[in-house]
Structures are given as C-alpha cells and as structure tokens.
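Each residue of the sequence shown is one higher than the one before, counting from 32 in this note's numbering.
Just so it is clear, CB atoms sit at the ideal spot from N, CA and C, and this is done for glycine as well.
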Amino acid sequence: MRRAANVLGVVLVLVGCIWFFQGIGVLPGSYMSGQSRWAVNGGIAIAVGVVLLVVARRMTGSGPR
32 MRRAANVLGV VLVLVGCIWF FQGIGVLPGS YMSGQSRWAV NGGIAIAVGV
82 VLLVVARRMT GSGPR
C-alpha cells in the first residue's frame with residue numbers, strides 16, 4: 032500500500048507540474064496552454080500528490096517487502 036501511494040503521489044506531482052506550466056503558458060503547444068483552468072487543476076494535483084507522499088511516508092510498512 033505504501034509503495035502504491037508513493038507512486039501515485041509522484042505521478043500526481045509530475046502531471047500537476049505539466050498542467051500548471053501549460054496553464055500559465057510556459058509549456059506551449061497544447062490546447063491547455065495559456066488557460067488558467069489548467070493552472071488551477073495542476074496546482075490541485077500537485078497539492079494532492081504532496082499530501083499523498085506525506086501520508087505514505089508516515090504509513091507503517093504493510094505487506095511483504
């Protein structure tokens with residue numbers, strides 16, 4: 032469970048960064064470029080990913096290693 036939470040947290044942070052930077056216009060070439068809605072969605076995804084990583088770090092290892 033801890034490993035899955037870590038992987039999901041990292042994926043959310045990475046995807047959130049891409050969405051955020053496309054939303055603010057730093058990464059051009061997409062329909063998302065320059066649209067503040069995607070910047071907000073990216074910020075939310077980053078926040079959820081960071082929270083998930085913090086929670087996963089506090090989890091006790093469950094299951095086989």
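Check whether residue i and residue j have beta carbons under 8 Å apart
i, j, result
"G40", "A76", "no"
"R34", "G54", "no"
Own chain residues within Cβ distance below 7 Å of residue i, not counting five before or after
i, result
"G56", "S64, G65"
"V46", "A76"
"L83", "A36, L39, G40, L43"
DSSP state of residue i mapped onto helix, strand, coil
i, result
"P56", "One detail in the question is off: residue 56 reads as Gly in this sequence, not Pro. Coil at G56, not helix or strand."
"G65", "coil"
Inter-residue CB distance, residue i and residue j (contact presumed, cutoff 8 Å)
i, j, result
"F51", "G80", "Rounded, the Cβ-Cβ distance is 12 Å, inconsistent with contact."
Nonlocal neighbours in the same chain, by C-beta distance under 6 Å from residue i, ignoring five residues either side
i, result
"A70", "F51, G54, I55"
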